[in-house]
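Colleague: The sequence shown begins at 1 in our numbering and counts up by one. Note that CB positions come from ideal geometry on N, CA and C, so glycine has one too. This one's a predicted model, so the numbers in the text were calculated from it and none came from an experiment. Take this structure, written in structure tokens, and hold onto it; I'll ask about it next.
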Amino acid sequence: MVCYHQSFRGDPIERTFFAQPGAENMVNHIYFSFITLTTTGFGDLTPAYGPGRMLAAIEAIIANSTSFRWSLSLSAHTVDAGIRRDAGPEAPLHSNLFGKGA
């Protein structure tokens, strides 16, 4: 999980990460990261400047691609289980998408 804490940036300019005043504590940074990773996006905390917004966007893209891959993997497993049930254990696997199967 990416943690958006001020001290990790190493920026000597005093700038807060969040646009909301008083939101600069570790719990809010972890909460914001979790909400971004799950692509919920309540909108109660928002990044205040460009690099923070880009970091949040990159984290959301990574989360989306990961959940998409998990979804494909689960679908392939479900299809393979149905084929094995209907056609027997010698049936070819269709989960070659991730390097598994025959």
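How many Å lie between I61 and A48 at the Cα?
Modeller: Taking the first residue of the sequence shown as position 1, residue 61 is located at position 61. Taking the first residue of the sequence shown as position 1, residue 48 is located at position 48. Rounded to whole angstroms, I61 to A48 spans 19 angstroms at the Cα level.
Colleague: Rounded to a whole number of angstroms, what is the C-alpha to C-alpha distance between R69 and T36?
Modeller: For this step, residue 69 is matched to residue 69 along the sequence shown. For this step, residue 36 is matched to residue 36 along the sequence shown. Going from the Cα of R69 to the Cα of T36 covers about 18 angstroms.
Colleague: What's the gap between the Cα of T16 and the Cα of G52?
Modeller: As a working note, residue 16 is residue 16 in the sequence shown. As a working note, residue 52 is residue 52 in the sequence shown. Going by the C-alpha atoms only, they are around 10 angstroms apart.
Colleague: With H, G and I counted as helix, E and B as strand and the rest as coil, what does DSSP make of P21?
Modeller: For the purposes of this step, residue 21 is taken as residue 21 along the sequence shown, with counting starting at 1. Three-state DSSP puts P21 in coil, outside helix and strand.
Colleague: Below 9 angstroms between beta carbons: does that hold for A63 and T38?
Modeller: By one-based count along the sequence shown, residue 63 stands at place 63. By one-based count along the sequence shown, residue 38 stands at place 38. Yes, these two residues count as a Cβ contact at 9 angstroms.
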